[in-house]
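Position one of the sequence shown corresponds to residue 26 (my numbering), numbered consecutively onward.
C-beta: ideal position from N, C-alpha, C; glycine also.
Note that the structure is a prediction, hence the values are computed from the model and not measured.
Before any comments, here is the structure.
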Amino acid sequence: MSRRVLVALAALLPAAGLLGLLGWAMAQSGGRPGGLGINSVLGEVQITPGPARDLTLTLLDGRSLSLPELGGKVVMVDFWSSWCPPCVAEAEDLEAAYRRYKDRGVEFIGVAIWDDRASVERHVRIFGVSYPNGLDDAGKVAVDYGVRGIPEKFFIDKDGNLVRKFVGPTSVEELGAILDGLLAKPGP
């Protein structure tokens, strides 16, 4: 083989490998795009309730927040990014719901993933987000919770059990229905 043919093959080999990998991923997901991405379709996803995985997050103000510190409260954990259009679209609704429920035994935790600190801080400032937010720059919390796209919300009851998951953007009304249901459950 000539040197020119070898160089051409060497250049095409990574592209062929990538196409093969994409084909394999599509086959594994039944033809649907798989992996991580933006959730633009909303809805509740059925999960098997059970103890919530602990999460420890360094907040934007430098404090550390751990899930056990919130014992006895209903907790909504929101995975989001500043560059995600559905996340941006729901930011005001999340803040409105938080303001409505924060004095009723509910806490929200925002977990920014696949983002940079400056963009996250800008988003929080622009939308007046007052609930705790932190950056999961290593992706550990997202992996522990099985996040496959953004936005995704996980709801934890007063007993510390993960009981509901909502994929995609939500409205104040949808959040209200979920939170009211969880608050109505007897707790500790």
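- Boundaries around E198 are those of the alpha helix (DSSP H), V197 to A209, since no beta strand (DSSP E) includes it.
- V192 is positioned such that its CB atom lies closer than 8 Å to that of V70.
- E146: member of the alpha helix (DSSP H) spanning R142 to I151, first to last residue.
- Put simply, of D162, A209, K210 and L204 the residue whose alpha carbon is nearest the alpha carbon of M101 is L204.
- I138 places its beta carbon less than 8 Å from that of F104.
- Looking at the backbone, the Cα of G174 and that of P76 are separated by about 22 Å.
- Boundaries of the alpha helix (DSSP H) around L119: P110 to Y126.
- Take the alpha-carbon of S106 and the one of L200: they are about 19 Å apart.
- Assigned with DSSP and collapsed to three states, K165 falls in helix.
- The beta-bridge partner set that DSSP reports for T83 consists of S89.
- For the pair of segments examined, the segment 112-131 was found not to touch the segment 72-87: the number of CB pairs separated by less than 8 Å stays below three.
- Burial check for I134: the Cβ neighbour count within 10 Å reaches 16 or more, so the residue is buried.
- Beta-carbon to beta-carbon, D161 and V136 are separated by about 5 Å, close enough to satisfy the 8 Å threshold.
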